[in-house]
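If you read the sequences in order, they're chains A and B. Here the first sequence stands for residues 1144 to 1530, where the numbers follow the working numbering. Here the second sequence stands for residues 1253 to 1522, where the numbers follow the working numbering.
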Amino acid sequence: MSFHGVDFYGLDELLTEDEILVRDNMRAFVDAEVMPRINKAFRDGVLPMDLAKKLGAMGALGAHLKGYGCAGMGSIAYGLLLQELERGDSGVRSFASVQGSLCMTPIYEYGTEEQKQKWLPRMAAGEAIGCFALTEPDFGSNPAGMLSNAVKTPSGYKLNGTKRWITNGSIADVAIVWAKLDGRVRGFLVERGTPGFTTADIHGKFSLRASVTSELVLEDVEVPEDAMLPGAIGIKGPLNILSNARYGISWGAIGAAMACFEEATEYAKSRKQFSRPIAGYQLVQAKLADMLTEITKAQLVSWRLGKLKDSGKLRPQQVSLAKRNNVYWALHIARSARDILGANGVTDEYQCGRHMCNLESVFTYEGTHDIHTLILGQEITGIAAFE
Amino acid sequence: MKILVTVKRVPDPEQKVKFKGTSVDVSAANWVINAFDEYAIEAALRLNENAATGEKLGETIALSIGPKDVSQQLRSALAMGADRAILVGGADEELDSFAVARIVKAVVEREKPDLLLMGKLATDGEASQVPQLCAALLDWPQATFAAQITANAEGLEVKREVDTGIEVKQVKLPAVVSVDLRIISPTAVVNGKTPATHAYQEGPRYASLKGIMAAKKKEIKEISLADLGVKAAPVTKLVSAEPPAGRKAGVKVKDVAELVSKLKNEAKVL
Ligand SMILES: Cc1cc2nc3c(=O)[nH]c(=O)nc-3n(C[C@H](O)[C@H](O)[C@H](O)COP(=O)(O)OP(=O)(O)OC[C@H]3O[C@@H](n4cnc5c(N)ncnc54)[C@H](O)[C@@H]3O)c2cc1C
């Protein structure tokens, strides 16, 4: 049986024909291209690399951008696309988010026409892969403190620093490296193979195993003048990009939650203990009722957020609310589904354990849950509690 | 060639059928394109393209008859690659096979396609009548249940799977062809332009996001039965529909001897 999603509040009536088409086609794509092999990929700890070009052919990479071989979809369609991908696996969705939201978007927003022409069409097709290198070993929630730096040379810039936890790091053809030039954060396009630039994968993850996570080391890496993104000046540059990506993650989390809810419901209906299916016991029903409730609320939050985004009214604090809420509940739902599946929930014959492990990363990256709590706290009280 | 391909929306066959009184309740149905029509769209697109160069070889027009909502399924056909669509307004309950065939005929007379391509049946009613009725009404040659289509100088060679093997038919154009499941296998459609070495991915193609965006600009022309000068006037009436009786639980047998005895004396199949 293929996946049917959750639509308790008739959200489909709020969607346009093309938004429904995007969702349904991505759903079929995930059924055919992701589901049959995601378990093995997760177990082996590899991202199926042919997915890059297949996602490119679907138009799923940078789908929200206009021109340069991109589809030019609205925000809701883009969100639904990520929802469907994460219904498959958060690692696969992360690949698409990093490529489209974190790498193509800064080139699109901050790059020169030459930089756009050079990278965007190939990245949209999945022929060139990007990574977004902001986090450092000692600077996660506080990226503004980064140590990576750039100095001006006669022909361009010289970069030094270490980046860690970088999705797609070792498979990227181009890394967007954020580093300080004269004390201000700037973005640099560093191509694979540039002397002094090396990558090493981080192993032993129990989360996002079907995704590449790497450490990047830059030792006196010389890049030309035109490697810098002229439009991004200061930490606001990468933070604006992250805000966009988090919007997509709020949708992605719904996909993972729906997969877990569906699995838990089916399992509970067929698993008999004591006198009847466990779905007939109130405690199990309460868990399922919470899942349905929180998925429905999350859908409405993300849908409204998309409308705000398309009308240009979106504020980053609103994105924080959605990322924080939807990922929190997706993780809770995955854990609850794992619980309903009993011992079966801890094996990879079922999906909820994989989603649960994956969502731990999603909870932490793109601003940890608590950092978004502090952002909302500041929004409410006017008092910053970060330092 | 110019191909008119028919697209019916049906309730998702994976959804449980609900009944209200003596009829099927479709108020909460999730509507999808009839699978065989989706195969027909895929076959039409394969006939009308050079898959190696992307060159277009003809026009593909999607036709649906039904309420305004069918535009969702037509949009899907356009997103897959059809060039334009026609939506003939009609109420589902008035559209029996004969009414549909007469409406399709009227559209064919307007559009004058070289080929009317259809699914072999719709998965809701499973009547499998409309293609044959259309061929009769149009007085066109027909090849039904196509498993393979090859375009050649004389028209189309159609291979169909029959109990005794593969039957090969040659039809002149214009013609009516209905397609079976195998038409979506990787090399089932040969148009002479796509290199013989090209293998499609099994199944109807996904609509890419760019295809979906392009489809927004394509035309869905809405016409009424009055415009076509046709009355639905169904000739069959649905008397009642009811779910099949639930299956009775099976029995466990002790040994082979008991099984054989039951098969012989109770089931009477030995
Ligand atoms: C699988 C994976 C992929 C990733 N991919 C990328 C990528 O592609 N690019 C990239 O740049 N980064 C990436 N990251 C890094 C990610 O963004 C960081 O892990 C995240 O920002 C948190 O930083 P940290 O791990 O250093 O945790 P820390 O910042 O050390 O946080 C640890 C804990 O302390 C809390 N905390 C921190 N500061 C405060 C405070 N002021 N008040 C209260 N609590 C606080 C946090 O909420 C958290 O609970 C990835 C991470 C993972 C796990």
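From the three backbone atoms N, C-alpha and C, an ideal C-beta is built for every residue, glycine too.
The three-state reading of DSSP puts I1181 (chain A) in helix, counting H, G and I together.
Rounded to the nearest whole angstrom, the C-alpha separation of G1299 (chain A) and A1466 (chain B) is 42 Å.
Beta-bridge pairing by DSSP links M1499 (chain A) to no other residue.
A Cβ-Cβ separation of about 4 Å places L1502 (chain A) in contact with L1474 (chain A) under the 8 Å criterion.
Taking a contact as a CB-CB distance under 8 Å, the pair E1509 (chain A) and K1466 (chain A) counts as one, their CB atoms being some 6 Å apart. Taking the Cβ atoms as the reference, E1227 (chain A) lies roughly 5 Å from R1170 (chain A), within the contact range of under 8 Å. Within chain A, no residue has its beta carbon less than 8 Å from that of L1433 (chain B); the closest one is some 16 Å off.
Cβ neighbours of T1337 (chain A) within its own chain (closer than 8 Å, five residues either side excluded): V1364, E1365, V1366.
With fewer than three CB-CB distances shorter than 8 Å, the stretch 1352-1368 of chain B does not count as touching the stretch 1493-1503 of chain B.
When rounded, the separation of the alpha-carbon atoms in G1444 (chain B) and Q1422 (chain B) is 16 Å.
Residues are counted here when their Cβ sits less than 7 Å from a Cβ of chain B; for the stretch 1277-1311 of chain A the count is zero.
When C-beta atoms of the stretch 1288-1305 of chain B are compared with those of the stretch 1425-1443 of chain B, three or more pairs fall below 8 Å, so the two segments count as touching. The beta carbons of T1342 (chain A) and G1312 (chain A) sit closer together than 8 Å. Under the Cβ distance rule, K1462 (chain B) counts among the residues neighbouring chain A, one pair being separated by less than 8 Å. Under the 8 Å criterion on CB atoms, G1202 (chain A) is classed as interfacial with respect to chain B. Taking a contact as a CB-CB distance under 8 Å, the pair V1149 (chain A) and L1435 (chain A) counts as one, their CB atoms being some 7 Å apart. A straight-line Cα-Cα distance of about 28 Å links Y1211 (chain A) and A1337 (chain B).
For L1443 (chain A), the three-state secondary structure derived from DSSP is helix.
By the Cβ neighbour-count rule, P1373 (chain A) is exposed, with fewer than 16 other Cβ atoms within 10 Å of its own. In this structure, A1459 (chain B) and L1426 (chain A) do not form a Cβ contact; the two beta carbons are roughly 43 Å apart against a cut-off of 8 Å. Beta-bridge annotation (DSSP): F1340 (chain A) is paired with A:L1361. B:S1437 is the residue among B:A1403, B:S1437, B:I1464 whose C-alpha sits nearest the C-alpha of A1451 (chain B). At a cut-off of 8 Å between beta-carbon atoms, N1387 (chain A) makes no contact with chain B. In this structure, DSSP gives Y1471 (chain A) a helical state, which the three-state scheme calls helix. At least one heavy atom of ligand 1 is found less than 7 Å from the C-beta of C1274 (chain A). DSSP places I1518 (chain A) inside the alpha helix (DSSP H), whose first and last residues are 1512-1524. Residues of the stretch 1274-1299 of chain B with a C-beta less than 9 Å from any C-beta of chain A: N1282, V1284, listed in chain order. One alpha carbon belongs to L1385 (chain B), the other to L1223 (chain A), and they sit about 41 Å apart. One Cα belongs to L1390 (chain B), the other to K1357 (chain B), and the distance between them is close to 6 Å. Three or more Cβ pairs closer than 8 Å define a contact, and the stretch 1366-1383 of chain B meets that threshold against the stretch 1275-1294 of chain B. Contact between T1312 (chain B) and I1255 (chain B) holds, since their C-beta atoms are separated by about 5 Å, short of 8 Å. Taking each of B:V1259, B:A1395, B:A1501 in turn and checking the Cα distance to D1321 (chain B), the smallest one comes out for B:V1259. Scanning chain A for C-beta atoms nearer than 8 Å to the C-beta of A1459 (chain B) yields L1164, N1168, reported in chain order. The continuous alpha helix (DSSP H) containing L1382 (chain A) extends over residues 1379-1413. Taken through DSSP and simplified to helix, strand or coil, E1229 (chain A) comes out as helix. Under the 8 Å criterion on CB atoms, Q1422 (chain B) is classed as non-interfacial with respect to chain A.
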